[in-house]
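Protein chains in written order, with our numbering: chain A, 66 to 325; chain B, 3 to 540. No residue lacks a Cβ here, since even glycine has one placed at the ideal position from N, Cα and C. Working notes, beginning with the structure itself.
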Amino acid sequence: MSGWRRASAKIAFGAWVVAAGCGKGGESGGAEGGAAAAATAFPVDTTTAATITGRIAFTGTKPAMQRIDMSEEATCAQKHPDGAFTESVVVNDDGTLRNVFIYVKSGLPANLTFPVPSAPVEIDQDGCVYLPHVFGIQVGQTLSIRNSDGLLHNIKAVPTTNRPFNISQPMNMTTARTFASSEIMVPLQCNVHSWMSAFVGVLPHPYFSVSGADGAFRIGRLPPGTYEIEAWHERLGPQTQTVTVGASETKDVAFTFRGS
Amino acid sequence: MRSRRALAGAAAGLAAGLALLAAAAAPRHQQPATQADDEGRRVYDKWCAGCHGEDGRGDGPGAGPVLPKPRDFTRALYQVRTTATGEIPTDADIRHVVDEGMPGTSMPAWKTTLSGGEREAVVRYLKSFSSAFATAPTALRFGRNPGGGRAAVDSGGALYRRIECWKCHGEAGRGDGRSAPTLKDDFGNPIRATDLTQNWTFNGGASVEDIYRVLRTGLDGTPMPSFSDLIEGNIITDDDLWRVATYVRSLSPEEPPRVRDVVSAARIEGSLPAGPDDSAWARADGYYFPLVGQVIVKPRWFAPTVSGVWVQALHNGQALALRVTWHDPSQSPDTSWNVWRGRITRSMTSDDSVPADTTSPLPDRLAVQFPARVPRGMERPYFLMGSAEQPVYLWQWESEPRAAAEGLARGVGQFEPLAGAADTLASAAVYDHGEWRVQLVRALATADSANQLQFVPGRAIPMAIFAWDGSNGETGTRMSVGSWVAIYLGEPARAGTYLWPLLAMLSTGGLGLVVIVRAQRSAGSSKQPSDTADSEAV
């Protein structure tokens, strides 16, 4: 067990992943390598690997954030002294857009299979909101679902290609689930608190990232090649760009989403 | 089991009609199928496609305006399972639901219509609509009910509160939890948090075992979650969950209420009850009458809130007191139900040319209908609020402003209040955790005998009940309706034989609400479920 942990820690230290700037919710690419490495080694030569970075810009009128009425749930309301707001469109102070899921949609050599990271991806229900709001996970990787509120949440996945689940968590507890196939994106929702919403992107590879508090993303450890990169946003739609990266190259890609 | 049949008849009346319509319209399924599927396909096309659609997408011609909508089989979301949340059901699970149907919905039971072989074949065929059935499901291991009687009910009740079932189902289980107005299924349709005091409407069955199974598996495609992770995480034990199921079962009567034809208003001495919660009502017999959506006159209504009322009646020779009790999860108007009202209106409008109003506040309503005068023979006015030639006399109660009025109606929606008559009808109402209890009192004899029915003891007087839930967008012809029954005001001395002519008189057609007339020795009694369970086998 400790051997596993160390192995995964080392790979994570390989410094390829960590998203350039992630807020509390914004997160990085998925594969932290890990235990399954014993079964499948990471199939890309990291010495010549390429990186795609960028920022998600936002133009147009910055939408007003909608305040969530949490009066029915005092415990949660107290966790948001300045109020809680819906996260469907979050424009950062510097004008960049948060919570965009950026991933490699196509272009990877078909013969590559990636190890499933042993470290779980975590989602927390804290203050009657999901943390993070948008995130990625690999097929078969454990999703660890925590309730830190100590009151009833049900977490319901409403996928179209994966099988669904609907789990009740009436107290502080953690449970685990996995997704069996790729899907962009699986909505997660709580029926007790109709404002709670999160989206998870499920991919067979680790090449994904989420724009955080500075709108930046980073996808590393890519084999050199030409990729279709998609930037997905829950309200403002997906956009794609084709990007070619050479050996050891880092390429900057800009996406711009327009508000109404 | 006459009562079950009658109830099922009431609920499934619509379903049967739709099924017939559907069967007639069902086109042939075009999908290629193996030889083994031929029989399944034949059965499906003939009996199921009308509702579930020829390609299994839940879009058959009979699907139109009902809620819940027929299932779309292509997504392989099944409610009644022995498998974990998100898992496909076993063949036996699907077979079970095909055999038994889904009470509380338009999904019929097929065990008497189709042979065992046909049902087996159609189960195989249903699975062919989704590739999810490529893998084999694993049934969960269910423990045994530890029993425990009253103590189990109490500790189950404590758990019901602790694990917060009430947030959806309400503190008294009547589907009035604060999250209830926001609930929708995976297809975006509004869905009720089940009224747990009416186990005969549970989709997956009424027994403790059925309830326990639902708690373990959840109802996929709906907000009802699985509680299995609590057991796996050693947070509660399997026995605890059985106790929750035992508690939920205890909220409903032993047997579904029996459908009666005659409300007997016992004669009492002295004053009538002061209000709906007067203890005198505890001693009065209760009668259950199912109501169904009004689907005769447009705009029709296929998603009514009120599925039945309990009626009690007493008189003292001077005045008649009625107490009508029904479940409605909202005290209308209530803006927290606006989300619900918008959704229900959007899901139901396909039927109607008249667009439903989704914004102006609507009250809850109850109407008690009588003929304008006690009929001599068998004839009664048209059950749906009379006609131009034969008007009906109505008591109409509203939640906001809270008052009752008398009037005449000459056809549905044609209520004309009686001028100056307001004083003769007194009303009092209590709203309590998803239940309305309304008392209506009127003198037996009044001055305006031309317009107001004069009640006479010893005669069977036709009576019908209608209800509206404002938060469900119900107003006008969007309402719950019941068929003619009768009220009989008792006389102090005589007993017994009066019922025979009365029973001969009662036979009701119209809305497919099957009230089976049965020669009963006496009007008998059936207490409300919240009082005493009525376990008389019929």
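Going straight from the alpha carbon of ARG163 (chain A) to that of SER274 (chain A), what length do you get?
-> The straight-line gap separating the alpha-carbon atoms of ARG163 (chain A) and SER274 (chain A) is approximately 11 Å.
What does LEU216 (chain A) touch in chain B if you count any residue whose Cβ is under 8 Å from its own?
-> GLU166
Are the C-beta of SER233 (chain A) and some C-beta of chain B separated by less than 7 Å?
-> yes
Count the other CB atoms within 10 Å of the CB of ALA305 (chain B); is the residue buried (16 or more) or exposed (fewer)?
-> buried
Closer than 7 Å, CB to CB, is THR207 (chain A) near chain B or not?
-> Contact of THR207 (chain A) with chain B is not assigned, every C-beta pair being separated by 7 Å or more.
For ARG343 (chain B), which option in B:CYS50, B:PRO183, B:ALA141 and B:ARG444 has the closest C-alpha, if you only look at C-alpha atoms?
-> B:PRO183
Chain-ordered neighbours of ASN219 (chain A) on chain E, where CB pairs are closer than 8 Å = Given the protein chain composition of this structure (A and B), no chain E is represented.
Take SER537 (chain B) and list the residues in its own chain whose beta-carbon comes closer than 7 Å to its own, dropping the five residues that flank it on each side.
-> Confidence at SER537 (chain B) is low in this model, with a pLDDT of 32, below 50, so its placement is unreliable and the value that follows should be read with caution. Excluding sequence neighbours, SER537 (chain B) sits near GLU256 and GLU257.
Residues from the stretch 243-256 of chain A in contact with chain B, defined by Cβ distance under 7 Å | ASN256
Just to confirm, are ALA227 (chain A) and ALA245 (chain A) a CB contact at a threshold of 7 Å?
-> Residue 227 (chain A) is actually Asn in this sequence, not Ala. In this structure, ALA245 (chain A) lies closer than 7 Å to ASN227 (chain A) by Cβ.
Of all Cβ atoms in chain A, is any one closer than 7 Å to the Cβ of LYS169 (chain B)?
-> yes
Output, in chain order, the set of chain B residues within a Cβ distance shorter than 9 Å of ASP151 (chain A).
-> Checking the displayed sequence, the identity of residue 151 (chain A) turns out to be Thr instead of Asp. Those within 9 Å of THR151 (chain A) in chain B number zero; the least Cβ separation is about 14 Å.
In whole angstroms, what separates the C-alpha of THR105 (chain A) from that of PRO271 (chain A)?
-> 14 Å
Using 7 Å as the limit for Cβ to Cβ distance, is ARG228 (chain A) near chain B?
-> yes
Jot down the residue ranges of each uninterrupted beta strand (DSSP E) in the stretch 42-115 of chain B, minimum 3 residues, whole runs only, in chain order.
-> none
Roughly how many whole angstroms lie between the Cα atoms of SER153 (chain A) and SER136 (chain A)?
-> 20 Å
Simplified DSSP assignment, three categories, for LEU324 (chain B) = strand
7 Å Cβ cutoff, ASP231 (chain B) in contact with chain A | For ASP231 (chain B), the answer is yes, since a Cβ of chain A falls inside 7 Å of its Cβ.
Does the separation of the CB atoms of ASP279 (chain B) and VAL432 (chain B) fall below 7 Å?
-> In contact: ASP279 (chain B) and VAL432 (chain B) (Cβ atoms closer than 7 Å).
Beta bridge counterpart(s) of PHE150 (chain A) as assigned by DSSP = According to DSSP, PHE150 (chain A) bridges with A:ARG132.
Beta-carbon proximity check, PRO148 (chain B) vs LEU185 (chain B), cutoff 7 Å | no
Determine the direct distance from the alpha carbon of SER228 (chain B) to that of HIS98 (chain B), and round the result to whole angstroms.
-> 20 Å
If you draw a straight line from the C-alpha of TRP303 (chain B) to the C-alpha of THR116 (chain A), how long is it?
-> 59 Å
Going by the C-beta, is LEU161 (chain B) closer than 6 Å to any heavy atom of the ligand ZN?
-> You won't find the ligand ZN in this model; it holds no ligand whatsoever.
Taking buried to mean at least 16 other C-beta atoms within 10 Å of its own C-beta, is THR321 (chain A) buried or exposed?
-> exposed
Note down, in chain order, every chain B residue with its Cβ under 7 Å from the Cβ of GLU137 (chain A).
-> For GLU137 (chain A), the chain B residues whose C-beta falls within less than 7 Å of its own C-beta are ARG180, listed in chain order.
Can you find a CB in chain A that lies within less than 7 Å of the CB of ILE96 (chain B)?
-> no
Coarse secondary structure for ALA312 (chain A), derived from DSSP in three states | DSSP places ALA312 (chain A) in the coil class of the three-state scheme, outside both helix and strand.
Measuring CA to CA, which of B:VAL246, B:GLY159, B:PRO259 and B:GLY119 is closest to GLN200 (chain B)?
-> B:PRO259
State yes or no: is the C-beta of ALA421 (chain B) within less than 7 Å of the C-beta of TYR395 (chain B)?
-> Against a cut-off of 7 Å, the Cβ pair of TYR395 (chain B) and ALA421 (chain B) comes out as no contact.
Please state if the CB of TRP339 (chain B) and the CB of SER482 (chain B) are separated by a distance shorter than 7 Å.
-> no
Shorter than 7 Å from the beta carbon of VAL223 (chain A) to some beta carbon of chain B?
-> yes
Can you name the start and end residues of the beta strand (DSSP E) that ASP187 (chain B) belongs to?
-> Here ASP187 (chain B) belongs to no beta strand (DSSP E), and DSSP marks it neither H nor E.
Limits of the unbroken alpha helix (DSSP H) element including LYS221 (chain A) = No alpha helix (DSSP H) holds LYS221 (chain A); the beta strand (DSSP E) holding it covers 218-222.
Secondary structure of ALA103 (chain A), DSSP reduced to three states | Residue confidence is low: ALA103 (chain A) scores 49 on pLDDT, short of 50, so the model does not pin down where it sits. No coordinate-derived value is stated.
Quick one: list the residues of chain A neighbouring THR184 (chain B), beta-carbon separation under 7 Å, in chain order.
-> SER259
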